[in-house]
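There are 2 protein chains.
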Amino acid sequence: MSPTVNRQFKLARRPVGMVKRSDFDFVEAPVRDPEDGEFLVKTLYLSLDPAMRGWMNEGKSYIPPVGLGEVMRAGAAGVIVASKHPSFAVGDHVVGALGVQEYAISNGKGLSKVDPTVAPLPVYLGTLGMPGMTAYFGILEVGELKDGETVVVSGAAGAVGQVVGQIAKIKGCHVVGIAGGADKCRYITEELGFDAAIDYKSEDVKEALKQHCPKGIDVYFDNVGGDILDAALSRLAMHARIVICGAISQYNNTEPVKGPSNYLSLLVNRASMKGMVVFDFAARYGEAVREMAGWMKQGKLKSREDIAEGIENFPETLLKLFKGENTGKLVLKVADA
Amino acid sequence: MSPTVNRQFKLARRPVGMVKRSDFDFVEAPVRDPEDGEFLVKTLYLSLDPAMRGWMNEGKSYIPPVGLGEVMRAGAAGVIVASKHPSFAVGDHVVGALGVQEYAISNGKGLSKVDPTVAPLPVYLGTLGMPGMTAYFGILEVGELKDGETVVVSGAAGAVGQVVGQIAKIKGCHVVGIAGGADKCRYITEELGFDAAIDYKSEDVKEALKQHCPKGIDVYFDNVGGDILDAALSRLAMHARIVICGAISQYNNTEPVKGPSNYLSLLVNRASMKGMVVFDFAARYGEAVREMAGWMKQGKLKSREDIAEGIENFPETLLKLFKGENTGKLVLKVADA
Numbered sequence: 040m041s042p043t044v045n046r047q048f049k050l051a052r053r054p055v056g057m058v059k060r061s062d063f064d065f066v067e068a069p070v071r072d073p074e075d076g077e078f079l080v081k082t083l084y085l086s087l088d089p090a091m092r093g094w095m096n097e098g099k100s101y102i103p104p105v106g107l108g109e110v111m112r113a114g115a116a117g118v119i120v121a122s123k124h125p126s127f128a129v130g131d132h133v134v135g136a137l138g139v140q141e142y143a144i145s146n147g148k149g150l151s152k153v154d155p156t157v158a159p160l161p162v163y164l165g166t167l168g169m170p171g172m173t174a175y176f177g178i179l180e181v182g183e184l185k186d187g188e189t190v191v192v193s194g195a196a197g198a199v200g201q202v203v204g205q206i207a208k209i210k211g212c213h214v215v216g217i218a219g220g221a222d223k224c225r226y227i228t229e230e231l232g233f234d235a236a237i238d239y240k241s242e243d244v245k246e247a248l249k250q251h252c253p254k255g256i257d258v259y260f261d262n263v264g265g266d267i268l269d270a271a272l273s274r275l276a277m278h279a280r281i282v283i284c285g286a287i288s289q290y291n292n293t294e295p296v297k298g299p300s301n302y303l304s305l306l307v308n309r310a311s312m313k314g315m316v317v318f319d320f321a322a323r324y325g326e327a328v329r330e331m332a333g334w335m336k337q338g339k340l341k342s343r344e345d346i347a348e349g350i351e352n353f354p355e356t357l358l359k360l361f362k363g364e365n366t367g368k369l370v371l372k373v374a375d376a
Numbered sequence: 040m041s042p043t044v045n046r047q048f049k050l051a052r053r054p055v056g057m058v059k060r061s062d063f064d065f066v067e068a069p070v071r072d073p074e075d076g077e078f079l080v081k082t083l084y085l086s087l088d089p090a091m092r093g094w095m096n097e098g099k100s101y102i103p104p105v106g107l108g109e110v111m112r113a114g115a116a117g118v119i120v121a122s123k124h125p126s127f128a129v130g131d132h133v134v135g136a137l138g139v140q141e142y143a144i145s146n147g148k149g150l151s152k153v154d155p156t157v158a159p160l161p162v163y164l165g166t167l168g169m170p171g172m173t174a175y176f177g178i179l180e181v182g183e184l185k186d187g188e189t190v191v192v193s194g195a196a197g198a199v200g201q202v203v204g205q206i207a208k209i210k211g212c213h214v215v216g217i218a219g220g221a222d223k224c225r226y227i228t229e230e231l232g233f234d235a236a237i238d239y240k241s242e243d244v245k246e247a248l249k250q251h252c253p254k255g256i257d258v259y260f261d262n263v264g265g266d267i268l269d270a271a272l273s274r275l276a277m278h279a280r281i282v283i284c285g286a287i288s289q290y291n292n293t294e295p296v297k298g299p300s301n302y303l304s305l306l307v308n309r310a311s312m313k314g315m316v317v318f319d320f321a322a323r324y325g326e327a328v329r330e331m332a333g334w335m336k337q338g339k340l341k342s343r344e345d346i347a348e349g350i351e352n353f354p355e356t357l358l359k360l361f362k363g364e365n366t367g368k369l370v371l372k373v374a375d376a
């Protein structure tokens, strides 16, 4: 009994400010059979990522924007339900950019097979997926982390931040996470073992950084931008490194991005601010996954996913990211296996 | 006939906004004789540098601020007129932080002897002094310059900028300078051999960068900050490096520093922004001076100084920097040898 209807979210217009349901068309398309060299994937989990907001904008970036009328780009995990491809069999599980839809035809390019008996599928979208890779290469390579340093990460209870902080702990660092709300702060200190948490919703971040980073910040991993980036700049140690991974506080702006007023702290402290895009490390994902899976097995690296349900809820679920409502990797469950 | 009166500018108050004469006290002090291990220097030339504005502010920076009531800090070149020091003799010429005064007592610490027959004294405050060292280590070390790259420098007709651009030309780069006014633009292209000049007072810098840097900017050496930094950020090539040397457009602000709104270009282009302070390279000044003096001798590196006269004109001369009225290294002649 092969599937016949494929529900999809297509980008209908370029959002102005906060993304909303009317920026998408929720449509039904027929499911076609795979041709030679192709296979059909049934989406099980969609990955919801802050970067998706950027993909909806016109203009030059690190990848082309999603075209109007196209299925919204999204990472996903799914199971193969029909195949005419020699290396992908029915029942294989795959992850990759399948899009916000229930079914996708693929020739295998850009997809990876994963084993759901090693880790649950949502983990392959989080800690063992792009967010985990971003955290791993961002803190270790771009941030040039050294043992015993003071590390601060914003968006600390998010998909990337939770991994950044735990890797820094594994490397013997003093780790301070910045997150919104008491629950998230408790999560990163009590469950993940961060040394301290700063609740930006109720604390003066600049003052709290002074308290928790008496020797200054050696590596600041920034997921948020805005005032929190400025607060971190005001507390740099000499030769500090700032990793610019994202700026979620600025993605839905209708006004220009708030540039970091305190950037001259880079001069005073001989510090650097570096941008990163995880795709540059693609050739080394395997090495990272092996090391991280090892840490997970030893209980040193924990992973939490925040799982919503129903593809029809895609726009509202995506909004949770920008409202800071998720703890851990935000995933939308689309179907049972 | 030993000197008896030492005219000095002392810092009277912390400037608010643009520095002005009333921020200083112009006073006369007696000249004392050097004690054992000391010598007396007669100031011949004062170095006027944008960094002086920062030294007048309260607060943590890369060196302590000038205290209220203290002689204003300044680099200077002078001649020894009395000595009880075994290694410094009357008639020796020295450069170092002698301060804005006609005479200084020193034990030799932080001063270097220079030979005015090799280069005129003002050159030791410019191209063979701190600005030259800043340019050399800033573009070659911090900027990690590679042959054939596209280099953009702001404040291009200033003490540091003129050297940055010429070193980049020596290294076979495509060099674009940003300066204010037709005279400065003509100076850097016609006399110094820059490939192009952008007059920020009459041109749209962003558009002009697009025209002159068709492959994007590999290294941007920033002396000015503000809108010009933002324009450069909008035109980065992949893996670009921005050297933050200064931000003269922001030093006299009464409002907060304008942070670079386009800083997320660092992410898109996997670029970096690094701060520098020249003192970190002190151990290698000798090597730089030797190489730069060689280039000067070969006619590859030219040096221009903008020489004002009279210590009594110090505040107004300093202001020329912030008004962009100097071309080349700004120096104040205090006395004849």
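If you read the protein sequences in the order shown, they are chains A and B. Mapping of the first sequence onto my numbering: position 81 corresponds to residue 120, and the numbering continues sequentially without gaps. Mapping of the second sequence onto my numbering: position 255 corresponds to residue 294, and the numbering continues sequentially without gaps. Glycine residues also receive a C-beta, built at the ideal position from the N, C-alpha and C atoms.
Three-state secondary structure (DSSP) at residue i?
i: K81/A; result: strand
i: Q201/A; result: helix
i: D64/B; result: strand
i: V181/A; result: helix
i: I102/B; result: coil
i: Y226/A; result: helix
i: Q337/A; result: coil
i: L303/A; result: helix
i: R329/B; result: helix
Does residue i get closer than 7 Å to chain B when you measure Cβ to Cβ?
i: V316/A; result: yes
i: K240/A; result: no
i: I283/A; result: yes
i: V307/A; result: yes
i: P125/A; result: no
i: A286/A; result: yes
i: Y302/A; result: yes
i: S311/A; result: yes
i: P170/A; result: no
i: P299/A; result: yes
Whole-angstrom Cβ separation of residue i and residue j, contact assumed at under 8 Å?
i: S100/A; j: G93/A; result: 6 Å
i: K341/B; j: E229/B; result: Actually they are not in contact, since the Cβ atoms of K341/B and E229/B sit about 11 Å apart, beyond 8 Å.
i: G138/A; j: L83/A; result: Actually they are not in contact, since the Cβ atoms of G138/A and L83/A sit about 14 Å apart, beyond 8 Å.
i: G114/B; j: L79/B; result: That belief does not hold up - the Cβ atoms of G114/B and L79/B are roughly 18 Å apart, past 8 Å.
i: V58/A; j: L358/A; result: 7 Å
Closest Cβ-Cβ distance between residue i and chain A: below 7 Å?
i: I256/B; result: no
i: V377/B; result: What is shown of chain B runs 40 to 376, which leaves residue 377/B out entirely.
i: Y101/B; result: yes
i: P54/B; result: no
i: S151/B; result: no
Please say whether residue j and residue i have beta carbons closer to each other than 7 Å?
i: I287/B; j: L275/B; result: no
i: E183/B; j: R280/B; result: yes
i: I227/A; j: A236/A; result: yes
i: A270/B; j: V244/B; result: yes
i: G217/B; j: A198/B; result: According to the sequence as given, residue 217/B is Ile; it is not Gly. Not a contact, by the Cβ cut-off of 7 Å.
i: K313/A; j: I346/A; result: no
i: V110/B; j: K81/B; result: no
i: T43/A; j: V66/A; result: no
i: P170/B; j: K368/B; result: yes
i: V190/A; j: A207/A; result: yes
i: S241/A; j: L272/A; result: no
Taking the alpha-carbon positions, what's the residue i to residue j distance?
i: P155/A; j: G177/B; result: 51 Å
i: D186/B; j: G211/B; result: 5 Å
i: E141/A; j: P295/A; result: 36 Å
i: S193/A; j: V214/B; result: 38 Å
i: F48/A; j: G232/B; result: 56 Å
i: R323/A; j: R329/A; result: 10 Å
i: D64/B; j: G168/B; result: 28 Å
i: S300/A; j: W334/B; result: 38 Å
i: C252/B; j: A332/A; result: 45 Å
i: V134/B; j: M91/B; result: 17 Å
i: M315/A; j: I283/A; result: 6 Å
i: L160/B; j: L150/B; result: 14 Å
i: Q250/A; j: K339/A; result: 27 Å
i: S61/B; j: N291/B; result: 15 Å
i: M95/B; j: L360/B; result: 15 Å
i: P125/A; j: D131/A; result: 12 Å
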